[in-house]
Structures are given as structure tokens and as C-alpha cells.
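Novice: Chains as they are written, first to last, in my numbering: chain A, 1 to 290; chain B, 291 to 924. Can you read through this structure? Questions will come right after.
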Amino acid sequence: MLVVAGIVFLGAVAMLVVGWVRRDTPGLPILGSSEKANTMLVVLFGIAIPLVILVALFIVSDLVLLKETDAPNADSTAMTVTVTGHQWFWQVRYDGTGAETANEIHIPVRTSVNLVVRSADVIHSFWVPELNRKIDTIPGQANAIELYAEKAGVYRGQCAEFCGLQHAHMAFRVYAEPPARFRAWLANMERPAVEPTSPESKLGQRYFMEDACASCHTIAGTEAQGTVGPNLTHLASRQTIAADTLGNTPPNLFRWIRNPQSVKPGAKMPGLGLGAARYHAIVAYLAGLR
Amino acid sequence: MAVTAKPATPVRLKRLEAIWKETPGFLGWLTTTDHKRIGILYFFTSLFFFGAGGVEALLMRTQLIGPNEATLSPQAFNEMMSTHGTTMIFFFVVPMSLGAFGNYLLPLMIGARDMAFPRLNALSYWIFLCAGAFLYVGVFSGNAPSAGWFNYVPLASKAYSPGPGIDFYALSLLFITVSTTTGAVNVIVTIFKLRAPGMSLNRMPLFCFAFLAVSFALIFALPALSTALILLELERLLGFHFFIPASGGAPILWQNLFWIFGHPEVYIIILPAFGIATSIIPTFVRRKMVAFPMVALAEILVAFLGFGVWAHHMFAVGLASATAIYFAAASLVIVIPSAIQLFSWITTIVTGTPRFKTPLLWIIGFIVLFIMGGLSGVTFAAIPFDQQTTDTYYVVAHFHYVIFGAAVFPLLGGMYYWFPKVTGRMYYERWGKASFWLTFVGTNITFFPMHILGLDGMPRRDYTYGPEMGWTGLNLIETLGAYLLAMGLLSVFVNLAVSLFKGEPAGNDPWEGDTLEWSTTSPPPAYNYAVIPKVSSPYAMWDKEDREEDERNLELGRKTLEQGHETPASTAVDAEWDETLEMPSHSAWPPLLALAMSGIFAMVILQQWFAAAVFVVLTALAIAGFHLKEPEEA
């Protein structure tokens, strides 16, 4: 496509250059000044040649390639993952299991996955440039696309449809892993959260439940069952926080929960204005949720 | 004793001048119905909006100059992004082409003395001004829209955009559709009924064909936009549920309605530019257009086919494959009429003997940028490719090549081309050429790297990006290009502003132009032509005998219509003299009516329903006043 476009562009510009070189000579080179020849030139370049190129482009891209990259029949795929766009994070569920996470999608490598996308609020668009086309998440509608990774690795994805203040910070990662590793990961996801052990993290758990955190977040196996924000059951196993905005380290976690509005202005998570000690305790608790 | 006949010409000109005279001074500009003065008002008003949209663009580019910049807050960036698009499309390009160029030039090109409905014409302008002011009252009061220029729901619904910004957007656009619709009707009737007798359709300049096609497209496209906006405001202000899925609504409904309007709008934006190109090319290459009838048909075909391709903006919403494939095919078909026009321009330039003056340079720049934008446009008809590149900077690159490169460049070229006609003075040629190169280079530095960024995965409308993405270098280049581009544009307008006062006198026809407007004085008198011109080809000004006959007719008082405020009406196709029309003169009703209508919109946004009803009554009264026949003037 790029080559054909390059030839068309250079050809047309070359004609303009000919016009400049022969600015004092009327008529065409070789063909001379015949109105019939001029019109034929317009027909040739304006109708005949484009027609051939366009038909070829149509057959290759809109009939052949489209079929190859189309959303798969759900029965033909090994598994279904449902991703729900929220302002501004991605909720990820594995159909038929209790596993739920956010902003990262683990898939077995060389396996066709049926990816269903939904939206909890406005329209977002699910896009992993290296793996497939983008697909919009539309409220009240389920769209599907195939997710397939030939090679193991980490693939970055992001929201591609403008969705408000933090559209720029709504990324995620796809981890394509060997099947055994994927199964181990999924099994861990299905387990409830680990209980805190150290005194500080126990305190952190108490603060998490007492303060507003639990009203928006779910931590499976505890009384925290909020559904507004991302599920935190296995938060510590994730590589990033705040939709791929910061690396998942205790200092970043502290910075994020203490003042979310300075990291992602407009984010739906409020700063609660607690004392630093409380935040440290909560971070200690969250950092243990493997 | 021999009596020498006193030359009749000066007497006739004086009489016409007295008949067509308007109120002098400032009040004259408020009450004018002269299409040329309305065109000038349109010009300066849309130029102001061009400046506003340009400042918004520069602020965005400054925010994106490096990773994690904080020139603008996310909210401010979204506001600038939304207002930039809305301003440039609705308040700059369309009013500049249809309002300024169309208004000023169409009656001149067809040998008429005014537009068909002079008061309606004034009303269109005043509504445009009020609608633009309405939007910017929102912007300056901290209530700018922030859901993008295509304003997708549910992001634009009350739940996710609670402030009045979206209401300012929706109501100002609803308001300006009134202006654009009346403007389009006026253009259609003017072109069909007011052509100088003898100018049958096949003798009409291509410029007029382009404007005719645009006006028809507007009339059919705008209702979809108005409908969408009314549904949105019913939902936002009164709690209806057209787009909310939980209550049985559909968010995709907005997208369909918006793009049914929005894609024809692309051709509405670009066709006047094609018209300008077909005016400038013959003059400077000193030959007639190659394949004239094919170009005329292609202009109309583009406007028509533009209605069948809207869903290619929506390939990622989950359309059924068959639907997507149909829209892809239709989008490919529309390439053909564009290619016909393109190669007609190129062949005309190649076979002619071009003089590379500033206006032609802009047209050549336009052709090059249009090929770029056209080629990147074709790629969107490849659905898998579209679904990769849609909503990335690749799209931003594409439509800026098309809208800025292909639509605005000819407008700028047209400003130079008709500057001598409108002002009676010449601009500075060398300066003009330098401005062109500055702008052309700036345009490419700004917009070309966006293709690469888009293919590299940078989404559009991100207010920032991280340093780890590797997008820093190209963004820096783009921002510097934008500053260069701004300097280029500034130098264009400084040149024109200085020339307005200091330029050499231009004379009637400095370019040996091909169309009628070059036969009258520069600037043209209020009545345009003292004699209704004779026309026997689309290149009326090159038919020297016809112009000599006009001179003789003036001396003899034939076809001068000097008894009243009159212009001839002719039959729609063959342009035979049908009747002589008495044209309405200047009036204060158009601005008053526009003001009364503004009151309705202002009260709706304040949700003062009773006051809104009062303004509805005032509007009705103003409409009645508008239709009163003025008492005969002495």
C-alpha cells in the first residue's frame, strides 16, 4: 500500500515538475497540443488506473485480510476473556472462573482467545497495536475480537477512543505466557486474597476496611466488596498501578493512594487526607496481596 | 451649429450609484444587504475565528512539545482540542468559503447585482456572528466543551459532562445550522435564477458548480446534525433518553447521525477549495481547463457520493462485516471523481504556460498536499488498516492534510488572487511567495511526522505521553513546525494588511482573468455591473467582443436596468431573460432578528423557559418586520 501510494505521489509531483520545466511551452511532451490527448490523459490517470488499484486494494484488504483478522466464533476459541472499560482503568474477567484482575491480561501463547469488550460508563476502545485491530467498548453492547499472540512476551495496549480527562492514562499490558505458567497464574487469581501477617499490614487491612477504600474496591475473601474501582485481590502480583501509569512499587503505591489527583488529575479515586502512618500501613497491606 | 452628444455613460453610472446607495458609515455595515459588504463581514469574522482556533492549536502543540508537560491541565487540553475542531470547521472554513468567498464572488461571476435573497443573506451573517459569539461566551466563561468536536455520547451526556460546556457546543451549532441552511438556499436560488441571461448551465464557471454542489450537500446533511443536537439537548436539559442504553437508548445513534452529517461535511469543506483552484488555474496557466464537463460532473458526484460513506468513521464500533464492507467499497468509489479533478488540474498546468505567481503557488501546494491527504485517506477504506490507525495521530495527519492543506491553502491562494479585485490594490509578490514557502514547509513539518507517530501507536487526543514511549523527538519537531506554520500565516495577513493601505493600484484586471468579475472596477460598485453582461462561454472575460458589446450597451442604455433597484432573473437551465426583479434594499431587520433568536438560545442555556418564550415572541415579531415592504424612497 505504501509503495503504491509512493509511486502515485511521486508520479503526480513529477507531472507538476514537467509543468514547471515546460512553463513557456504549451501542449504535452511527445503528444503535442491536442485536446483529445489531454482528455484521454485525465481519463487514464483519473479513472482507469485508480479503478485498477482500488479494486485490487478492496479485494486484498476488505475481503481477504478482513476475514483473517475477524472476531472468531466463540466456540472455536480455547477461552473467553471479558474486558470492561471504566473511566480510567480496565476490568479483566476470565469467563467460567472467579478470576478477576485489572489493567493486565494474561493469555496462553499461541492460543486463540475470544476477547469480549464491554463498557461500564462511556465509550472506550481496546487496542493492542502489536496483536490486533482496535475494538470499541460501547455501553449496552458486547463487541468481540480475537486476541492471539504468536510469541511469548509483554504487549502494551491502551484506550484509543477519547473518554475524558485521563484518556491518556488508560493503558494496560497483555502477558503472553507458556500454557503451564498461564494456568498457574490463573489458579492463583481464583484464590481469595492472602491474609496479612505482619502487624503493620494487619493494621493496614483494618484501615482499608474502616476508611473509604473498601466501598469502591473488592478484595476477595474480605468484607471489601466495592465495584467502582479495580479489583485489588492480587494487586501485588501486578507490574503497574493506575492503568500502567506507575510501576508497582511501595513508594509509587504510597504516592498514588495518598494523592491520586496529583498523579492522574481527574481520576475517580479521591485523596482521603489521612495521616502518613495510615497510608504506610495500607501500602504494607496492599504490597502483600500476591 | 453642430450639437455634440453628451456621453451618456457617466450619467448612467451616477444614476445607478444613487439607486444602489446604502446608509453611510457604521450603521451602513449593520444594515447592509450588499453581498460584497456581507462577504467582507464574513471574511473578517471568520478570520477572527481562524485566529482563535490557531491559538488553541498552538497551546495544544506546546503542551505536547515534550513528555509529561504541564502547560495545560488535562481539562484545559480537552477544552482546547474540542474548541479548536469546532471553531475551525463550523466557524472558520465553512463561513470563510461559503460566506466570504461565495457571497462576494458568486453574484459577480454570474453577472448578477446581488444574491437572490439579500436580506436573508444578511440574516445568515448575523446568525453566524451570534452563534460564534455564543460558543465563545462559553469558552471565556470557563464553560468550553470538552468532549471533542464530534462529541460522542455518553461522554457528552449529562452524567459524564455535567457542566454547561456541551450545551454551549450543541446550541451554538444548532444556531449556526440555521445560518448555513439559509446561506445554502440563497446560493442555490442565486445560481439557478440570477445568472446573466445567456449564461446557460454549460457556460457557468466551475467555481459556481462547486458552490452549487456544496449548497445542495449542506441542505441534505445539516438536518442530520440538527436532529442529533436537538436529541442531545432534550436529553441533557429535559431528561429524555435517546442515547442512554439503560433506558433503551443507543449511543451509536449519535455516531450515525453525526457522521451522516459529518462525512458530507468533509466534501462541503473541500469543494469550495476545488472551485477556487479551478478559477485560479486557467488564469495563470493561460488556457481553459482540460475536461471541463468531466470536472463539473465530478464536483457534483463527490458531493452526492459523500452521503454514502459515513460509517467508515465507525469501523471499530463493531459493525456487521457486510455493513463495513459496503462502506469500504463506497469510500473507494469516491476516489474516482477526486482523481478526475486532480488530473484535470495537473494536465491543465502541464499543457498550459503557467506563470508561477503567488496564487498559483498556493494551488500547486494545495495539489501536492491534497495528493498526500487523498492517498492516506484511501488507506482507511482498507478495514483492517483502518482499525489499526483510526483514533491515532495517523488520522490527525490525514485530515489536517485534507482540511488544512487541501481546503485552507486554496482559500489563502484565493485571498491573494481576488485581493486586487476586492481592494483595488496589489499585494507584495515576493513577500507573498516567501509566505507560501514558509507555510508550506511549516505544514509538512507539523503534520507529516504525525503519520509516523500514529503508525507507532500514539492515540489522538492524549493530553500527554510518557518519555518511555519514544514519541518525544517527533512531537518536538511537530511543535516547532507549528510555530513556523503560524509565522507563515501571520506573514500572509501582514502582507495583505499592509497592501491594503500601501499596495500599487491594481486596475480592473491585473491577471487577465477568465471570469466576469474582472470586467468590473476594483473594487466593484454597489451594483456590480452597469450593464448586464453578455455571456457566451464559461470564460466570459476572454470573449473580448462580448465585453466590447457591454461597453456599447452602456453608452446606449441597453440592459442597464437604471430605473430601480433591479437585477434580471433568468430560466434555470438555458438562462433566458425571465423577468426583472425588484431587489430589497438595506434593512435593520436581519441583525434584530438574529439578536432576538440569540435571546432564545441564551435563555434555553440558562433554563429560563418563560424568558425563552418571550424571545420566541420577539423573534416572531422580528420575522414579521423582516417581511414588511419598506416604504418607497424618494
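Yeah, the Cβ is synthetic: ideal placement off N, Cα and C, and Gly gets one too. Computed from a predicted structure; not experimentally measured.
Compare the beta carbon distance of S336(B) and F407(B) with 9 Å and say whether it is the shorter of the two.
Specialist: Against a cut-off of 9 Å, the Cβ pair of F407(B) and S336(B) comes out as no contact.
Novice: For Q91(A), go through chain B and note every residue whose CB falls closer than 9 Å to its CB, in chain order.
Specialist: Near Q91(A) there are no residues of chain B at all, since even the closest Cβ is about 17 Å away, more than 9 Å.
Novice: Have a look at the DSSP bridge pairing and note the partners of M79(A).
Specialist: The partner list for M79(A) (beta bridge, DSSP) reads V113(A).
Novice: Rounded to whole angstroms, what is the Cα-Cα separation between F506(B) and G663(B)?
Specialist: If you take the alpha carbons of F506(B) and G663(B), they lie about 25 Å apart.
Novice: Determine whether the Cβ of W185(A) lies closer than 9 Å to any Cβ atom of chain B.
Specialist: Not an interface residue.
Novice: Please check if any C-beta of chain A sits within less than 9 Å of the C-beta of L622(B).
Specialist: Yes, contact with chain A.
Novice: Check the Cβ of V580(B) against every Cβ in chain A and list those closer than 8 Å, keeping chain order.
Specialist: Correct list: E35, N38, T39, L41, V42.
Novice: Against chain B, with Cβ distances strictly below 9 Å, would G134(A) count as a contact?
Specialist: Inspection of the sequence shows that residue 134(A) is occupied by Lys rather than by Gly. Closer than 9 Å to some Cβ of chain B, the Cβ of K134(A) qualifies, so yes.
Novice: Would you identify the three-state DSSP class for A276(A), choosing helix, strand or coil?
Specialist: Note: A276(A) maps to helix in three-state DSSP.
Novice: Starting from the beta carbon of C163(A), find every residue of chain B whose beta carbon is closer than 7 Å, and list them in chain order.
Specialist: Residues of chain B passing the Cβ test: L445.
Novice: May I ask you to list, following chain order, the residues of the segment 44 to 73 of chain A that have a beta carbon less than 9 Å from some beta carbon of chain B?
Specialist: Flagged, chain order: L44, F45, G46, I47, I49, P50, L51, I53, L54, V55, L57, F58, V60, S61, D62, L63, L65, L66, K67, E68, T69, D70, A71.
Novice: Tell me T568(B)'s beta-bridge partners as DSSP assigns them.
Specialist: Bridge partners of T568(B): none, in fact.
Novice: Measuring CB to CB, does P139(A) end up less than 9 Å from S112(A)?
Specialist: Against a cut-off of 9 Å, the Cβ pair of S112(A) and P139(A) comes out as no contact.
Novice: How far does the beta strand (DSSP E) with C159(A) in it extend, from its first residue to its last?
Specialist: Looking at the DSSP string, the run of the beta strand (DSSP E) that includes C159(A) is 153 to 159.
Novice: Between the Cα of V117(A) and the Cα atoms of G85(A), E100(A), A78(A), which residue gives the shortest distance?
Specialist: If we check each option's Cα against that of V117(A), G85(A) comes out closest.
Novice: Give me the Cβ distance between V580(B) and S634(B), rounded to the nearest whole Å; I'm assuming they're in contact under 8 Å.
Specialist: Yes, V580(B) and S634(B) are in contact; Cβ-Cβ is about 5 Å, under 8 Å.
Novice: Nearest-angstrom Cα distance between S621(B) and T613(B)?
Specialist: Their Cα atoms are separated by approximately 12 Å.
Novice: In chain order, what residues of the segment 7 to 25 of chain A put their CB closer than 8 Å to some CB of chain B?
Specialist: From the segment 7 to 25 of chain A, only V8, F9, A12, V13, M15, L16, V18, G19, W20, R22, R23, D24, T25 have a Cβ closer than 8 Å to chain B.
Novice: How about Y442(B) and V122(A): are their beta carbons less than 9 Å apart?
Specialist: Yes, these two residues count as a Cβ contact at 9 Å.
Novice: Just mark W808(B) as buried or exposed, buried being the case when its beta carbon has 16 or more other beta carbons within 10 Å.
Specialist: Flag for W808(B) reads buried.
Novice: Within the segment 160 to 201 of chain A, note down every full beta strand (DSSP E) run reaching 3 residues or more, in order along the chain.
Specialist: Whole beta strand (DSSP E) segments, 3+ residues: 171 to 177.
Novice: Taking Cβ-Cβ distances shorter than 9 Å, what residues in chain A pair up with I626(B)?
Specialist: Residues of chain A passing the Cβ test: G46, I47, P50, L51, L54.
Novice: If you measure from the beta carbon of L28(A) to each beta carbon in chain B, is any gap under 9 Å?
Specialist: So yes, L28(A) belongs to the interface.
Novice: Just mark L10(A) as buried or exposed, buried being the case when its beta carbon has 16 or more other beta carbons within 10 Å.
Specialist: L10(A) should be labelled exposed.
Novice: Pick from G422(B), G428(B), Y415(B): whose alpha carbon is nearest that of I895(B)?
Specialist: Among G422(B), G428(B), Y415(B), the Cα nearest to that of I895(B) belongs to G428(B).
Novice: Give the DSSP bridge partners of P749(B), in chain order.
Specialist: The partner list for P749(B) (beta bridge, DSSP) reads T682(B).
Novice: Pull up the DSSP beta-bridge partners for Q225(A), would you.
Specialist: Answer by DSSP bridge pairing, in chain order: T218(A).
Novice: Can you check which of these residues, L745(B), I534(B), M831(B), T729(B), is closest to V676(B) by C-alpha distance?
Specialist: It is worth fixing the name first, because residue 676(B) is Asp in this sequence and not Val. Per the Cα distances, L745(B).
Novice: Using the rule of at least 16 other Cβ atoms within 10 Å of the residue's Cβ for burial, across every protein chain shown, is D404(B) buried or exposed?
Specialist: By the 10 Å Cβ count, D404(B) comes out buried.
Novice: Spell out whether any CB of chain D is found under 9 Å from the CB atom of S634(B).
Specialist: Any reference to chain D falls outside this structure, whose protein chains are A and B.
Novice: The segment 445 to 467 of chain B: which residues have C-beta closer than 7 Å to a C-beta of chain A, in chain order?
Specialist: Here the close residues are L445, Y450.
Novice: If I measure Cβ to Cβ from Y817(B) and keep anything under 6 Å in the same chain, skipping five residues before and after, which residues do I get?
Specialist: Counting only Cβ-Cβ distances below 6 Å, and skipping sequence neighbours, we find L306, W310, R403.
Novice: On the DSSP letters alone, give me the boundaries of the alpha helix (DSSP H) that Y616(B) sits inside.
Specialist: First-last of the alpha helix (DSSP H) with Y616(B): 611 to 623.
Novice: Note the first and the last residue of the continuous beta strand (DSSP E) segment covering T860(B).
Specialist: First, the amino acid is wrong: residue 860(B) is Ser here, not Thr. It spans 856 to 860 - the beta strand (DSSP E) in which S860(B) sits, taken as one unbroken run.
Novice: What whole-angstrom Cβ distance do P828(B) and P495(B) have, given they're in contact under 8 Å?
Specialist: Confirmed, about 5 Å.
Novice: Beta carbon of P108(A), beta carbon of A184(A): below 9 Å?
Specialist: No, they are not a contact pair.
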